[in-house]
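Just below is one structure, and these are the notes that go with it.
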Amino acid sequence: MQCNIFGFPAPRIEWKRALQAMSKERHIITGNRLVIKNTRKDDKGPYMCKGINDHGNVFSMVVLTVHPVIAPAIVKSSPKNVTVYKILSRIKLNCSANGSPLPTIEWSKDGRLLSINTTVHKTNKETIGELVIDPFMPEDQGQYKCFFRNYENGTAETTIQVCRSLCPEIVPPENGYMVGDFLANSTLTFHCNPAYSLRGNRNLLCDANTGNWKDLHGNFNIVKPQCQMSYYSNILKNRKHYYDLIKEWLAPVTNKPIPWVPCYQSRYHGWYNSIFHSRCDGQGPTITIIKVNRYIFGGYTDVSWHYTNSYRTSVNSFLFSFVNRDNLKPFKMKVFKSQYAIYGSSSYGPIFGGGHDIHLLYNGGSSRGSHTNLGHSYTLIKGYTYGSTKANNLLAGSNTFQVDEVEVFRQEGFRDF
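Under UniProt numbering, the first residue of the sequence shown carries the number 1, and numbering increases by one thereafter.
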């Protein structure tokens, strides 16, 4: 406490307290000041100071008020985790604490003090601090801390984690997988396992402004990616690249996202030609896959199989090879004599071309009567000529052969009748 008595010469100051003693251990007079150590509640009340010099003396009274000492305590604050759903928006963080005396407040972000965009308001009960982030940018993400202090009495603090909104969690589709990480808000790309095809959006991008997934065209009405059974070939097994090639080859001739299902499989249905026709005739587009020893080949047609001893016209049919005698990479051969695309007869299995480019003999699994005559109706690849031994041996290893296995797949829901 200070005694504001002045004079000339400078007065000597004496302190007294009415009816109460002032111990020298706790009460120290220094000039015109009285210092009370270890202040207690009963120290409150009036104190008299007396100024004395050669001209006389004068009195002054100082009233001491003693408040309780209370360390700061957080009263209210923003949630521990604040999610921002839109960049460029206005974000307000707040913190308040009580204590005696009222504490001061400091804001920091990731350990660095902040001095701008902060306001402090004090009531008779608490200190209220506010931090405004306007506009919010991705780099404003981080850990914010409000720190209260009232001299040596104590401190209090709380942390607020501010993050951009993450788009809702997306898990890989069943029977498929996902490339990318939704936690990183990256572009996600979805793939399906062999024999499955994707339904829905293949690519999704997290929109930073809304926290919602969108497709690459900016549309928010997305279809959740799903992997549906397309077809499983006992010949191709789990060779994903073969299924991918078939999809690639089919892309120019069909844009229908329809699963393929088996209509005929020799290992289950036997080698009787009548079974093939009863199950596959009139079924619309089909894929035929043939295995001879280690060689795998086949054909696609968008017209139905039949048993009327006639050809059917197609401009979209093609033959293909996955494993061949000359160890060429998988290739596709388009039809060029469209009027001879396929031939249907009750005496035979699947026949492609007028030559026939691929001819499967009745009961083909028990004889070497099946044969190839590549180049009659389907375009040969470069380096091969129609009628040559080299061309005729390419698909199955020899001109005539015994088939080990045949599978024919149709598009589900497709019928000619």
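In this text, a Cβ means the ideal position worked out from N, Cα and C, and glycines have one as well.
task: Return the residue from the list 327, 400, 92, 4 that minimises the CA-CA distance to residue 144.
output: For the residues 327, 400, 92, 4, the minimum Cα distance to residue 144 belongs to 92.
- prompt: residue 197: which of 44, 204, 229 sits nearest, CA to CA?
  reply: Here the closest residue by C-alpha is 229.
- prompt: Which of helix, strand or coil does DSSP assign to residue 412?
  reply: Coil, per DSSP.
- prompt: Buried or exposed: where does residue 278 fall if 16 or more other Cβ atoms within 10 Å of its Cβ makes it buried?
  reply: Residue 278 should be labelled exposed.
message: If you reduce the DSSP assignment to three classes, tell me which class residue 271 lands in.
response: Coil, per DSSP.
task: Mind the definition here: the stretch 342-352 touches the stretch 381-393 only if three or more C-beta pairs lie below 8 angstroms; say whether that holds.
output: Proximity of the stretch 342-352 to the stretch 381-393 falls short of the contact definition, fewer than three beta-carbon pairs being nearer than 8 angstroms.
field: Straight-line gap, residue 291 to residue 410 (C-alpha atoms, nearest Å)
entry: Distance between the alpha carbons of residue 291 and residue 410: 18 angstroms.
message: Excluding the 5 residues flanking residue 423 on each side, which residues of the same chain have their C-beta closer than 7 angstroms to its C-beta?
response: Because the chain in this structure spans residues 1 to 417, residue 423 falls outside the shown range and cannot be described.
task: Can you tell me the Cβ-Cβ gap for residue 422 and residue 64, rounded? I've got them flagged as a contact below 8 angstroms.
output: Since the first residue of the chain shown is 1 and the last is 417, residue 422 is not available in this structure.
message: If you reduce the DSSP assignment to three classes, tell me which class residue 396 lands in.
response: Three-state DSSP puts residue 396 in coil, outside helix and strand.
message: For a minimum of 4 consecutive residues, which ranges assigned as the alpha helix (DSSP H) are wholly contained in the UniProt domain "Sushi" (165-229)?
response: Listed in chain order, there is nothing to give.
message: Please report the straight-line C-alpha distance between residue 73 and residue 81, rounded to a whole angstrom.
response: Distance between the alpha carbons of residue 73 and residue 81 is about 20 angstroms.
task: Within its chain, find whatever has a CB closer than 7 angstroms to the CB of residue 308; leave out the 5 residues flanking it on each side and keep chain order.
output: Counting only Cβ-Cβ distances below 7 angstroms, and skipping sequence neighbours, we find 344.
- prompt: Do you know whose CA, among 341, 296, 330, lies nearest residue 306's CA?
  reply: Check the Cα spacing between residue 306 and each of 341, 296, 330: the tightest is with 341.
- request: Go to residue 74, then tell me how far its beta strand (DSSP E) extends in each direction, as first and last residue.
  value: Looking at the DSSP string, the run of the beta strand (DSSP E) that includes residue 74 is 70-77.
message: What does the Cβ neighbour count give for residue 312, buried or exposed, with the cut at 16 atoms within 10 Å?
response: Residue environment: residue 312 is assigned as buried (16 or more neighbouring CB atoms within 10 Å of its CB, all protein chains considered).
query: From 248, 77, 231, 319, pick the residue whose C-alpha is nearest to that of residue 372; which is it?
result: Out of 248, 77, 231, 319, 319 has the C-alpha closest to the C-alpha of residue 372.
field: Limits of the alpha helix (DSSP H) - the one that residue 248 falls within
entry: DSSP places residue 248 inside the alpha helix (DSSP H), whose first and last residues are 240-250.
Beta-carbon proximity of residue 323 to residue 300, cut-off 8 angstroms: Taking a C-beta distance under 8 angstroms as the contact criterion, residue 323 and residue 300 do not qualify as a contact pair.
query: Curious, which full-length beta strand (DSSP E) runs of at least 3 residues does the stretch 299-384 contain?
result: If we require 3 residues or more, the beta strand (DSSP E) runs fully inside the stretch 299-384 come out as 308-312, 318-323, 331-334, 342-345, 348-352, 358-361, 370-372.
task: Name the two residues that bound the continuous beta strand (DSSP E) containing residue 47.
output: Where residue 47 is concerned, the enclosing beta strand (DSSP E) starts and stops at 45-53.
message: For residue 303, which residues in the same chain have their Cβ closer than 6 angstroms to its Cβ, ignoring the five residues on either side in sequence?
response: Excluding sequence positions up to five before and after residue 303, its CB lies within less than 6 angstroms of the CB of 312, 314, all in the same chain and listed in chain order.
message: Once DSSP output is grouped into helix, strand and coil, what is the label at residue 67?
response: In this structure, residue 67 counts as coil in the three-state DSSP scheme.
field: Proximity winner among 26, 153, 286, 297, relative to residue 70 (alpha-carbon distances)
entry: The shortest Cα separation from residue 70 among 26, 153, 286, 297 belongs to 153.
message: Whole angstroms are fine: how far does the CA of residue 244 sit from the CA of residue 358?
response: Residue 358 and residue 244: Cα-Cα distance of roughly 23 angstroms.
task: Look at the alpha carbon of residue 117 and the alpha carbon of residue 105, and state the distance between them as a whole number of angstroms.
output: If you take the alpha carbons of residue 117 and residue 105, they lie about 14 angstroms apart.
query: Secondary structure at residue 156, three-state DSSP: helix, strand or coil?
result: Three-state DSSP puts residue 156 in a strand.
- prompt: Of all the options 180, 42, 8, which has the alpha carbon lying nearest to the alpha carbon of residue 52?
  reply: Nearest C-alpha to residue 52: 8.
query: Beta-carbon separation of residue 27 and residue 36 under 8 angstroms?
result: With contacts defined as CB atoms closer than 8 angstroms, residue 27 and residue 36 qualify as a contacting pair.
query: Of the choices 11, 78, 138, whose alpha-carbon is the least far from that of residue 32?
result: Of the listed residues, the one whose Cα sits closest to residue 32 is 11.
Contact check, residue 192 vs residue 176, beta carbons under 8 angstroms: Yes, the Cβ-Cβ distance between residue 192 and residue 176 is below 8 angstroms.
message: By the three-class DSSP mapping on this structure, what secondary structure does residue 139 have?
response: The answer is helix: DSSP assigns residue 139 an H, G or I state.
task: Identify whether residue 288 lies in helix, strand or coil by the three-state DSSP scheme.
output: Of the three classes helix, strand and coil, the one that applies to residue 288 here is strand, per DSSP.
Residue 54 versus residue 24 - alpha carbon distance: Approximately 27 angstroms, taken between the alpha carbons.
task: Return the first residue and the last residue of the beta strand (DSSP E) that residue 233 is part of.
output: Premise fails: residue 233 is in no beta strand (DSSP E) and is neither H nor E.
- prompt: Would you report the Cα separation of residue 50 and residue 41, rounded to the nearest angstrom?
  reply: The straight-line gap from Cα to Cα measures roughly 24 angstroms.
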